[in-house]
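Undergrad: Note that our numbering has the sequence shown beginning at 81, numbered continuously upward. Glycine residues also receive a C-beta, built at the ideal position from the N, C-alpha and C atoms. Below is a structure I'd like to ask you about.
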Amino acid sequence: MATERETSAGETSTIDQALPWWQRGVIYQIWVRSFYDTDGNGQGDLPGVIAKLDYLRWLGADVIWLSPVFPSPMIESGYDISDYTGVHELFGTLDDMDNLLAEAHARGLKIILDFVPSHTSDSHPWFIESRSSRDNPKRGWYLWADPREDGSPPTNWVGCFGGSAWTYDKETGQYYEHAFLPQQPDLNWRNPEVRDAVLAAMRFWLDRGVDGFRMDAIWHIIKDDQLRDNPPNPDYTPDLPPDNLLIATFTRDQPEVMDVIATMRDTVDAYDDRILSGELYLDLERMRAYYGTSERPLLHMPFNLQLSVVEWSADIVGPYVDAYMAMIPEWGWPNWAISTHDSRRIADRAGQSQARVAAMLLLTLRGTPTIYYGDEIGMPGAEVPRDQITDPRELLYPYLGLGRDPARTPMQWDDQPGGGFSQGEPWLPLADDYQAHNVAQQSDDPCSTLTLYRRLIELRRSTPALVAGGYRTVHSDERALVFERFHGGERFFVALNFAAEPYTLSVDGAASIVLSTHLDRNGDRVEGSYELRGGEGLILRL
Ligand code: GLC
């Protein structure tokens, strides 16, 4: 049960130990290529993650989610895997991964891999074989189909990066299907050999000690076997990403996806204490389905990405939090993220002051928080010159403004050239402000965003109500969100002012301020009503 915790970071956690690690912990997402470069080639690597493990402990993270580190031609940032059981030479070696696992575990940190089961790279040996002839034994490992009579693709399906989801292979006279780029052919998960091969690859990592997986694009993993056309989307407008042209009735979230996840869950459950999470962008009712049932659980955590993509305003965030909490099955566990590698950073979407309010929300809601690297210093997205862009979405649709490179730039460690990230030329530019905006400078500043993150995590760790406790929305309007967390006899209010103007909070009886996003006023007494400054968040003990 809960006991007191020493205040300095890195001490043994004391929150309710009855919760499993993935419920009580804080996840930190690392874009490995941009985290820390140890060999001076301008690219982050696994030894770089090892070198920063003590920083992550100091920050208060418990779980690291690593972006894909497998061999890959990197057409799609490693989401185009050419070998499921290796490490890309850019990032290091298998030995480096083993070392990382050992060093992380020695510090009580868990490691989750971003795994991409729905498609491979077109340079994966499985696909090279599959495309070599129609009667190759691996032909059925991917989705091949004949052209329509007029030679056009078998269906009208559109890829997530636009264009047809089918590419014609002249040599064998058939099309293959790909939900993303032509260089990312989709595996055929109806084929038992594919299931066996990918589950074996999962076991390869589980045997090495990996603590779980974030299953990329999991809702895409099965497509309609009758190859029916998707219906047109009546709400499509050209300013939307191109895959919005059609409604993905036959290409995403198919009933058999659940069977695939069940086999993955069984694979993970054959090991002690590992987890399966997955990426999906679905409405809440459908997201619930991915938890499974209490008898047949599926994903431990269907990743809840909504707060990483919505407009940052109280009248959107408040109702979403309510709806999401109401959706979670009684035995299910919520989770939250405010930025990821696929969205604009919170500091860009909301501004520096609201990024602090967002941090307070992230770390006080009921559910596992995921911090995207750099958000703990309010890192902004950088300008990426056209000739340095790597994201296919931006290369193909520059006018949509959906490029993801700005949110994937090197971590700003200090004010040295290369931002302390690399002795060499960083693979993507750093944000202009890195000299004034970095970990070193914020570590020493008692009012910095980094200090706020540390204080929030420390408080969370020592306060069972903020982790295991119940959740209740107290008040939500177009300017503010106020909610309560409670456990045993302890009650806390979290009051978040999303507006630039002051906001008056009413409190029944007396309370004391435990933490302000401005990192002052701590300990102040509140009675009756209290004025939050513009863009301030408060945690109050009732
Ligand atoms: C997932 C990843 C995204 C990638 C896509 C295709 O959505 O999060 O970054 O572009 O899969 O692999």
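With a threshold of 7 Å, establish whether the CB of HIS258 neighbours any heavy atom of the ligand GLC.
TA: On the sequence shown, position 178 is the one that residue 258 refers to. Incorrect: HIS258 has no Cβ contact closer than 7 Å to the ligand GLC.
Undergrad: Our contact map puts ARG294 next to ILE192 with C-beta atoms below 8 Å; I'd like the distance itself, whole angstroms only.
TA: Position 214 of the sequence shown, counting from 1, holds the residue named residue 294. Position 112 of the sequence shown, counting from 1, holds the residue named residue 192. Going by Cβ atoms, the distance from ARG294 to ILE192 rounds to 6 Å, so yes, they are a contact pair.
Undergrad: In terms of alpha-carbon separation, which member of ASP249, THR448, PRO272 lies closest to LYS263?
TA: Here residue 263 corresponds to residue number 183 of the sequence shown, with the count starting at 1. One point to set straight first is that residue 263 is Gln, not Lys, in the sequence displayed. Out of ASP249, THR448, PRO272, ASP249 has the C-alpha closest to the C-alpha of GLN263.
Undergrad: Under a Cβ-count criterion, where at least 16 other Cβ atoms within 10 Å of its own Cβ denotes burial, should GLY568 be classed as buried or exposed?
TA: One-based indexing of the sequence shown puts residue 568 at position 488. Exposed, because fewer than 16 other Cβ atoms sit within 10 Å of the Cβ of GLY568.
Undergrad: Which of helix, strand or coil does DSSP assign to ARG137?
TA: For this step, residue 137 is matched to residue 57 along the sequence shown. The answer is helix: DSSP assigns ARG137 an H, G or I state.
Undergrad: Near MET381, which residues of its chain fall below 6 Å by C-beta distance, leaving aside the five closest residues on each side in sequence?
TA: For this step, residue 381 is matched to residue 301 along the sequence shown. Hits under 6 Å: SER357, ASN415.
Undergrad: Going by other Cβ atoms of all chains shown within 10 Å of its Cβ, with 16 needed for buried, is LEU180 buried or exposed?
TA: If you number the sequence shown from 1, residue 180 lands on position 100. Its Cβ being crowded by 16 or more others within 10 Å, LEU180 is buried.
Undergrad: Give every residue of the same chain whose Cβ lies closer than 7 Å to the Cβ of ASP339, excluding the five residues on either side of it in the sequence, and list them in chain order.
TA: Sequence index remark: in the sequence shown, residue 339 carries index 259 (1-based). Around ASP339: no qualifying Cβ.
Undergrad: Would the beta-carbon of GLY243 be found less than 7 Å away from any heavy atom of the ligand HEM?
TA: The ligand HEM is absent from the structure shown, which contains only the ligand GLC.
Undergrad: So which of SER374, MET367, ARG376 has the shortest CA-CA distance to ALA406?
TA: The sequence position of residue 406 within the sequence shown is 326, counting from 1. Nearest C-alpha to ALA406: MET367.
Undergrad: Helix, strand or coil: how does DSSP classify LEU99 here?
TA: For the purposes of this step, residue 99 is identified with residue 19 of the sequence shown, where counting begins at 1. Three-state result, LEU99: coil.
Undergrad: Would you kindly report the start and end of the unbroken beta strand (DSSP E) that includes TRP246?
TA: Against the sequence shown, residue 246 aligns to sequence position 166. Where TRP246 is concerned, the enclosing beta strand (DSSP E) stretches over 246-249.
Undergrad: So which of GLY105, ASP117, TYR135, LEU136 has the shortest CA-CA distance to PRO127?
TA: Walking along the sequence shown from the start, residue 127 turns up at place 47. Of GLY105, ASP117, TYR135, LEU136, the residue nearest in Cα terms is ASP117.
Undergrad: DSSP state of ILE426, grouped into three classes?
TA: Within the sequence shown, residue 426 is the residue found at index 346, counting from 1. Residue state, collapsed to three classes: helix.
Undergrad: Measuring CB to CB, does ALA106 end up less than 8 Å from ASP134?
TA: The sequence position of residue 106 within the sequence shown is 26, counting from 1. The sequence position of residue 134 within the sequence shown is 54, counting from 1. A quick correction: the sequence has Val, not Ala, at residue 106. In this structure, ASP134 does not lie closer than 8 Å to VAL106 by Cβ.
Undergrad: Name, in chain order, the residues that DSSP records as bridge partners for ALA591.
TA: In the sequence shown, residue 591 corresponds to position 511, counting from 1. ALA591 pairs with VAL606.
Undergrad: Let me check you understand the geometry: is the CB of GLU474 closer than 7 Å to at least one non-hydrogen atom of the ligand GLC?
TA: Sequence index remark: in the sequence shown, residue 474 carries index 394 (1-based). Checking every heavy atom of the ligand GLC against the Cβ of GLU474, none is found closer than 7 Å.
Undergrad: State buried or exposed for ARG565, treating a residue as buried only when at least 16 other CB atoms are found within 10 Å of its CB.
TA: Counted from its first residue, the sequence shown places residue 565 at position 485. Buried: at least 16 other Cβ atoms inside 10 Å.
Undergrad: Tell me whether GLN264, by its Cβ, gets closer than 7 Å to a heavy atom of the ligand GLC.
TA: Sequence index remark: in the sequence shown, residue 264 carries index 184 (1-based). Yes, the beta carbon of GLN264 sits closer than 7 Å to at least one heavy atom of the ligand GLC.
Undergrad: At a cut-off of 7 Å, would you count ASP557 as near the ligand GLC, judging by its Cβ distance to the nearest heavy atom?
TA: As a working note, residue 557 is residue 477 in the sequence shown. No, since every heavy atom of the ligand GLC falls outside the 7 Å radius drawn around the Cβ of ASP557.
Undergrad: CA-CA distance, ASP202 and SER210?
TA: Within the sequence shown, residue 202 is the residue found at index 122, counting from 1. Within the sequence shown, residue 210 is the residue found at index 130, counting from 1. Approximately 10 Å between the Cα atoms of the pair.
Undergrad: According to DSSP, what are the bridge partners of TRP224?
TA: As a working note, residue 224 is residue 144 in the sequence shown. Per DSSP, TYR256.
Undergrad: With 16 as the cutoff for other CB atoms within 10 Å, does THR329 come out buried or exposed?
TA: Translated into positions along the sequence shown, residue 329 becomes position 249. Classification of THR329: exposed, given that the 10 Å Cβ count is below 16.
Undergrad: When DSSP builds the beta bridges, which residues end up paired with VAL143?
TA: Your numbering for residue 143 matches position 63 in the sequence shown. For VAL143, which the question treats as bridged, DSSP gives the partners ILE107, LYS190.
Undergrad: In angstroms with no decimal places, state the Cα-to-Cα distance between GLY158 and VAL290.
TA: In the sequence shown, residue 158 corresponds to position 78, counting from 1. In the sequence shown, residue 290 corresponds to position 210, counting from 1. So the two alpha carbons sit approximately 18 Å from each other.
Undergrad: How about ARG559 and PHE573: do their beta carbons lie closer than 8 Å?
TA: Within the sequence shown, the letter at position 479 stands for residue 559. Within the sequence shown, the letter at position 493 stands for residue 573. Going by C-beta atoms, ARG559 is not nearer than 8 Å to PHE573.
Undergrad: Per DSSP, which one or two residues make a beta bridge with VAL634?
TA: Given that the chain is displayed from residue 81 to residue 622, the structure contains no residue 634 and the question cannot be resolved.
Undergrad: Residue range of the alpha helix (DSSP H) that ARG535 falls in?
TA: For the purposes of this step, residue 535 is taken as residue 455 along the sequence shown, with counting starting at 1. Note, ARG535: alpha helix (DSSP H), 529-542.
Undergrad: Measuring only the C-alpha atoms, how far is ARG488 from PRO205?
TA: The sequence position of residue 488 within the sequence shown is 408, counting from 1. The sequence position of residue 205 within the sequence shown is 125, counting from 1. If I take the Cα positions, the gap works out to 29 Å.
Undergrad: Excluding the five sequence neighbours on either side, which residues of its own chain have a C-beta within less than 8 Å of the C-beta of HIS517, listed in chain order?
TA: Numbered from 1 along the sequence shown, position 437 holds the residue referred to as residue 517. Excluding sequence neighbours, HIS517 sits near ILE457, GLY458, MET459, PRO460, GLN492, ALA511.
Undergrad: In the DSSP output, what is ALA560 paired with across the bridge?
TA: Taking the first residue of the sequence shown as 1, we reach residue 560 at position 480. DSSP output for ALA560 lists ASN577 as bridge partner(s).
Undergrad: List, from N- to C-terminal side, the beta strand (DSSP E) runs of 3 residues or more that fit wholly inside the segment 445-515.
TA: Counting only runs of 3 or more, we get 448-452.
Undergrad: Go through its chain and collect everything with a Cβ distance to GLY220's Cβ below 7 Å, but skip five positions before and after it.
TA: Locating residue 220 in the sequence shown gives position 140, where the first residue counts as 1. Correct list, in chain order: ASN268, ASN271.
Undergrad: Smallest Cα separation from GLY500: which of ASP513, ALA520, ASP485?
TA: Locating residue 500 in the sequence shown gives position 420, where the first residue counts as 1. Considering only alpha carbons, the answer is ALA520.
Undergrad: I'd like the list of long-range same chain contacts for PRO409, defined as Cβ closer than 7 Å, with 5 residues on each side in sequence excluded.
TA: As a first step, residue 409 is located in the sequence shown; it is residue number 329 there, counting from the start. If we look at PRO409 and ignore the five residues flanking it on each side, its Cβ neighbours are ARG368, TYR371.
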